[in-house]
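Student:
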Amino acid sequence: MSQNNKKRLSDEQVRVLERNFCYEKKLESEHKHQLANQLGIPARQVAVWYQNKRARWRTQSLEVDCTTLQYRLDAALAEKKQLEKELLVLRAEDS
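Numbering-wise (my numbering), the sequence shown opens with residue 13 and increments by one.
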């Protein structure tokens, strides 16, 4: 199917694909054909949608991982700073 003839998926078709993607990130051939028949679109379009969705999903997962790591780093640095202050106080008490 050429780029010019490609039809956009309807909101309902996208909802069905999204719902299936939640349960199954990688499609078996048989399920791909079942989805294509159910949605009335070529199996190739289902496959490409899944490829693109996996790529977006991986990117979002990496962004979430990065944000989580940044929060943990910030917390660890704040704790380190607090411990350094406490150490200075304890050393001053010993002097």
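Ideal Cβ placement from N, Cα and C applies to all residues, glycine included.
Note that the structure is predicted; figures quoted are calculated from it, not measured.
Assuming V60 contacts A48 under a Cβ cut-off of 8 Å, what Cβ separation, rounded to an integer in Å, is found between them?
Tutor: 11 Å between Cβ atoms; not a contact.
Student: With a threshold of 16 other CB atoms inside 10 Å of the CB of Y62, please say whether the residue is buried or exposed.
Tutor: Buried.
Student: I'd like the span of the alpha helix (DSSP H) that includes S41, first residue to last.
Tutor: First-last of the alpha helix (DSSP H) with S41: S41 to L51.
Student: Look up K37 in the DSSP assignment and say whether it is helix, strand or coil.
Tutor: Coil.
Student: Helix, strand or coil, according to DSSP, for S22 in the structure here?
Tutor: Residue state, collapsed to three classes: coil.
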